[in-house]
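Visitor: Next up is a structure, given as structure tokens.
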Amino acid sequence: MGSSINKKELVKKIEQLTEAEAIVTENEMIVSIGPQHSGAGHFRIILKLDGDIIVDAIPDPGFVHRSYEKLAENMTYIHNVPLAEKPNHADPANLVMGYVRTVEELSGIEVPERAQYIRTIVCEINRIMSHLYFFGIFGIFLNHSTMFMWATGDRDLFADLNQMLTGARITQAFFLAGGVYRDVPQEFKEKALKTLDYFERHLDDYEKIFMENPILQERTIGIGVLRPEDAIKLGVVGPVLRGSGIKHDVRKDDPYAAYDKIDFEIPSFKEGDSYSRVMVRFREMQESIKIIRQALKDLPPGPIRNPEGRLVPRWPVKSGEYYSRAEAARGEVGFYLVSDGTEKPYRLKMASPSFRNLPAIPFLLRGATLADLPAIYMSIDYWGPEADR
Amino acid sequence: MSQLQQINPLQNIIEKMISTLGDIIVDKSIPNTKRATIVVKPEGLEKAAQFLKNEGFDVVASVSGVDYIKEKKFAVVYHLLSRTKPELKSVILALKTYIDRDKPEVTTLVHIWESALYHERETHEMYAIVFKGHPNLGPLLLEDWAGPPPLRKDYGVRREEQWEVA
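Encoded structure:
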């Protein structure tokens, strides 16, 4: 029998582990995955392996920490708009949505209906783009390079839509408290509908070559099962939560923008494995198509900004505190704003979805084999900068 | 009363909390039917948390520290959600406590809500607030950080022009 040896000195060099974590038996070894960016983000998982079984997994975030919360306290409310989207360039509009919503609800700023609909369109375009990013990376991690090519190519079409509508392909900084920056261009509707028609057809092909692919199914079905009670215990959000059969989505629970006026479904699957998390995102893209079509059809006339939410650094933000949220592509993003009535926030906390999904990574990896790591880890859709902020 | 119960379950929970745990509650505010803040004494935090967990708040959405440097105190705020009670799905409840800035210590709530694990660790890192009983308060996001806790108000941001040129 292998006597227990303490490799603490060796282990200390790679990470500040706790006493218990640093004890490794003779049969075990420590493997560090990351933090070099290999498509998985700047993030390290320290694995304790016995053969190819993962005995323990210790997540090590922080490689792309940019002190978002400290910077936010030192910037005016309007400068905080582009800052709020920086943690996640795949899904910027949904993060900004959470921020402007918090400011609006604290100050009681009304948003015109047309702006609500435009926000919904931009948010859903971003959701599709983020999920396509996921499908590309998830595909390439499971050696499905066609999925990577298709998803990356289609993502560009939605970037084109973003460019037309907001002026930027990614990181749009398009929302401000009280409305949006620009109105919808004349030719946008036609182009958007054309793109959506194409994409909807292409999604059927995605289903055939990817979701129904026996190799993909073999590698993901029954792998990394997160039971609903564990999902609640760990506090996960977004597709990870809905993949475990818990149907919670801020767009329905606590509606914002025009989501309460639009008819759409919240996809959820009760199996809780990697496949169901991927499936949730796949169905969500189909729902997003539905949402954008409806929003374009019902787009009401009128102003796009409340004159209260001016384009100047000094916004009328009341003193007080408020917590509000939005449903980003990776799950619920929460903002806790403490205002003292000055032009800068006194405290702005971002509870980002990736940070809240972080506990699921070690939980699911423990006991799995090393070969299942990509299927489990990638299905969380963890975004390093978003978790580190 | 029964109609009120249906309309606002949040109000109900807070009233029940005041009647059972009145001695530890310092303040409350209910801005609308979806949000509420309850301020408790630090020594009553665990009791309040257990009560709220039994009422259906089963997930910690975030743990925030706030540095009130002029009043010489920290606030620790837990934002709570419910996944199991459908009537509370639109509700976010803030459980707040104020602690002395010179002795920033508070009991951990990880044994009640496991979802607070990384949030408390981050708050400890950014404010040096000690969560007594937390299993691991080691560095999480910062590496080899020797300076003061960065989110405290007495730590300023260095601007680009203040950087020293090597």
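Chains as they are written, first to last, in my numbering: chain A, 2 to 390; chain B, 325 to 490. Ideal placement from N, C-alpha and C gives every residue a C-beta, glycine not left out.
(1) In the DSSP assignment, find the unbroken alpha helix (DSSP H) run with B:Asn-336 in it and report its ends.
(2) Give the range of the beta strand (DSSP E) segment to which B:Glu-484 is assigned.
(3) What does the Cβ neighbour count give for A:Asn-163, buried or exposed, with the cut at 16 atoms within 10 Å?
(4) Would you call the stretch 332 to 344 of chain A and the stretch 86 to 106 of chain A in contact, with 3 or more CB pairs under 8 Å?
(5) Apply the 10 Å Cβ neighbour rule to A:Glu-285 and answer buried if 16 or more other Cβ atoms are within range, or exposed otherwise.
(6) Nearest to A:Lys-234 by CA position, among B:Asp-426, B:Ala-440 and B:Ala-399, is which residue?
(7) Using CA atoms only, rank isn't needed, just tell me which of B:Ile-436, B:Gln-335 and B:Pro-463 is closest to B:Asp-446.
(8) If we count the other Cβ atoms within 10 Å of its Cβ and call it buried at 16 or more, is B:Met-325 buried or exposed?
(9) Count the other CB atoms within 10 Å of the CB of A:Glu-74; is the residue buried (16 or more) or exposed (fewer)?
(10) So B:Val-461 packs on A:Gly-63, CB below 8 Å; how close in whole Å?
(11) Does DSSP put B:Ala-373 in a helix, a strand or coil?
(12) Assign A:His-249 to one of three DSSP states: helix, strand, or coil.
(13) In chain A, which residues lie less than 7 Å from B:Arg-407 when you measure between Cβ atoms?
(14) In whole angstroms, what separates the C-alpha of B:Glu-411 from that of B:Pro-333?
(15) Should B:Gln-329 be flagged as near chain A, meaning a C-beta pair shorter than 9 Å?
(16) Give me the subset of the stretch 353 to 370 of chain B whose CB atoms are less than 8 Å from a CB atom of chain A, sorted by chain position.
(17) Comparing C-alpha positions only, which one of A:Gly-42, A:Ala-85 and A:Tyr-260 sits nearest to A:Ser-353?
(18) Using a beta-carbon distance below 9 Å, is B:Leu-441 in contact with chain A?
(19) Return the residue from the list A:Gly-42, A:Ile-362, A:Arg-326 and A:Gly-342 that minimises the CA-CA distance to A:Gly-99.
(20) By DSSP's criteria, B:Lys-420 is part of a beta bridge. Which residues make up the other side?
(21) Listed from N- to C-terminal order along the chain, which residues in the stretch 372 to 391 of chain B have their beta-carbon within a distance smaller than 7 Å of any beta-carbon of chain A?
(22) Along chain A, which residues have their Cβ under 7 Å away from the Cβ of B:Val-454?
(23) For A:Val-97, which of helix, strand or coil comes out of DSSP?
(24) Considering only the beta carbon of each residue, do A:Pro-1 and A:Gly-246 sit closer than 9 Å?
(25) One question on the structure: do A:Asn-307 and A:Ile-110 come within less than 9 Å of each other, judged by their Cβ atoms?
(26) Whole angstroms are fine: how far does the CA of B:Pro-474 sit from the CA of B:Val-482?
(27) Using the beta-carbon count (16 or more within 10 Å), is A:Ile-138 buried or exposed?
(28) With 9 Å as the threshold, decide whether the Cβ of A:Leu-48 is near any Cβ in chain B.
(29) Need the endpoints of the beta strand (DSSP E) that B:Pro-355 sits in, please.
(30) Give the residues of chain B in contact with A:Leu-359, contact being defined as C-beta atoms less than 8 Å apart.
(31) Does the beta-carbon distance from A:Arg-115 to A:Gly-303 come in below 9 Å?
(32) Please confirm if the stretch 403 to 419 of chain B is in contact with the stretch 379 to 394 of chain B, defined as three or more CB-CB distances below 8 Å between the two stretches.
(33) Which stretch, first to last residue, makes up the beta strand (DSSP E) that contains B:Thr-431?
(34) Taking DSSP as the reference, what is the three-state secondary structure of A:Pro-36?
(35) In this structure, does DSSP put A:Ala-58 in helix, strand or coil?
(36) So with CB distances below 8 Å, who are the chain B contacts of A:Arg-252?
Guide: Considering the structure as presented:
(1) For the purposes of this step, residue 336 of chain B is taken as the residue at position 12 of the second sequence. Unbroken alpha helix (DSSP H) run through B:Asn-336: 333 to 345.
(2) Taking the second sequence and counting its residues from 1, one reaches residue 484 of chain B at position 160. That residue, B:Glu-484, is in no beta strand (DSSP E); it is neither H nor E in DSSP.
(3) Looking up residue 163 of chain A in the first sequence gives position 162. Buried, by the Cβ-count rule.
(4) Taking a contact to require three or more Cβ pairs closer than 8 Å, the stretch 332 to 344 of chain A and the stretch 86 to 106 of chain A qualify as touching.
(5) Walking along the first sequence from the start, residue 285 of chain A turns up at place 284. Buried, by the Cβ-count rule.
(6) One-based indexing of the first sequence puts residue 234 of chain A at position 233. Of B:Asp-426, B:Ala-440 and B:Ala-399, the smallest CA-CA separation from A:Lys-234 is found for B:Ala-440.
(7) By 1-based counting over the second sequence, the position of residue 446 of chain B is 122. Checking the sequence shown, residue 446 of chain B turns out to be Glu, not Asp. Out of B:Ile-436, B:Gln-335 and B:Pro-463, B:Pro-463 has the C-alpha closest to the C-alpha of B:Glu-446.
(8) In the second sequence, residue 325 of chain B corresponds to position 1, counting from 1. Any reading at B:Met-325 must be qualified, since the residue scores a pLDDT of 44, below 50, and its modelled position is unreliable; no value is offered.
(9) The sequence position of residue 74 of chain A within the first sequence is 73, counting from 1. Buried.
(10) Position 137 of the second sequence, counting from 1, holds the residue named residue 461 of chain B. Position 62 of the first sequence, counting from 1, holds the residue named residue 63 of chain A. One detail in the question is off: residue 461 of chain B reads as Leu in this sequence, not Val. The Cβ separation is near 15 Å, so there is no contact.
(11) The residue given as residue 373 of chain B occupies position 49 in the second sequence. Residue state, collapsed to three classes: helix.
(12) Locating residue 249 of chain A in the first sequence gives position 248, counting from the first residue. Shown here, A:His-249 sits in coil according to DSSP, grouped into three states, outside any helix or strand.
(13) On the second sequence, residue 407 of chain B is found 83 positions in, with the first residue counted as 1. Chain A residues near B:Arg-407: Ile-233, Ile-247 and His-249.
(14) To locate residue 411 of chain B, count along the second sequence from 1; it is residue 87. To locate residue 333 of chain B, count along the second sequence from 1; it is residue 9. In a straight line, the C-alpha of B:Glu-411 is about 7 Å away from that of B:Pro-333.
(15) Residue 329 of chain B sits at position 5 when you count from the first residue of the second sequence. No answer about B:Gln-329 holds up, because its pLDDT of 45 lies below 50 and its placement is not dependable.
(16) Pro-355, Lys-358, Arg-359 and Thr-361
(17) As a working mapping, residue 353 of chain A is identified with position 352 in the first sequence. For the options A:Gly-42, A:Ala-85 and A:Tyr-260, the alpha carbon positioned closest to that of A:Ser-353 is the one of A:Ala-85.
(18) Position 117 of the second sequence, counting from 1, holds the residue named residue 441 of chain B. For B:Leu-441, the answer is yes, since a Cβ of chain A falls inside 9 Å of its Cβ.
(19) Translated into positions along the first sequence, residue 99 of chain A becomes position 98. Comparing Cα positions, the closest option is A:Arg-326.
(20) Walking along the second sequence from the start, residue 420 of chain B turns up at place 96. The partner list for B:Lys-420 (beta bridge, DSSP) reads B:Val-363 and B:Val-401.
(21) Asp-382, Val-383, Val-384, Ala-385, Ser-386, Ser-388 and Val-390
(22) Within the second sequence, the letter at position 130 stands for residue 454 of chain B. Chain A residues near B:Val-454: none, gap ~16 Å exceeds 7 Å.
(23) If you number the first sequence from 1, residue 97 of chain A lands on position 96. Residue state, collapsed to three classes: helix.
(24) Outside the modelled stretch of chain A, which goes from 2 to 390, sits residue 1 of chain A, for which no answer is possible.
(25) Sequence index remark: in the first sequence, residue 307 of chain A carries index 306 (1-based). Sequence index remark: in the first sequence, residue 110 of chain A carries index 109 (1-based). It is a contact, given that the beta carbons lie within the stated cut-off.
(26) For the purposes of this step, residue 482 of chain B is taken as residue 158 along the second sequence, with counting starting at 1. For the purposes of this step, residue 474 of chain B is taken as residue 150 along the second sequence, with counting starting at 1. The question names Val, yet the displayed sequence has Arg at residue 482 of chain B. Whole-angstrom Cα-Cα distance: 12 Å.
(27) Within the first sequence, the letter at position 137 stands for residue 138 of chain A. It is buried - the Cβ of A:Ile-138 has at least 16 other Cβ atoms within 10 Å.
(28) For the purposes of this step, residue 48 of chain A is taken as residue 47 along the first sequence, with counting starting at 1. Chain B contact via Cβ: absent.
(29) In the second sequence, counting from the first residue as 1, residue 355 of chain B sits at position 31. Run containing B:Pro-355: 349 to 356, per the beta strand (DSSP E) assignment.
(30) Residue numbering aside, residue 359 of chain A sits at position 358 when the first sequence is read from its first letter. Here the neighbours are Tyr-442.
(31) The residue labelled residue 115 of chain A in the question sits at position 114 within the first sequence. The residue labelled residue 303 of chain A in the question sits at position 302 within the first sequence. In this structure, A:Gly-303 lies closer than 9 Å to A:Arg-115 by Cβ.
(32) A contact between stretches requires three or more CB pairs, one per stretch, nearer than 8 Å, and the stretch 403 to 419 of chain B meets this requirement with the stretch 379 to 394 of chain B.
(33) One-based indexing of the second sequence puts residue 431 of chain B at position 107. From DSSP, the beta strand (DSSP E) with B:Thr-431 extends over 429 to 431.
(34) As a first step, residue 36 of chain A must be located in the first sequence, where it is residue number 35. When secondary structure is reduced to three states using DSSP, A:Pro-36 falls in the coil class, being assigned neither helix nor strand.
(35) Here residue 58 of chain A refers to the residue found at position 57 when the first sequence is read from its first residue. In this structure, A:Ala-58 counts as strand in the three-state DSSP scheme.
(36) Here residue 252 of chain A corresponds to residue number 251 of the first sequence, with the count starting at 1. By Cβ distance, chain B contributes nothing, its closest Cβ being about 12 Å from A:Arg-252, past 8 Å.
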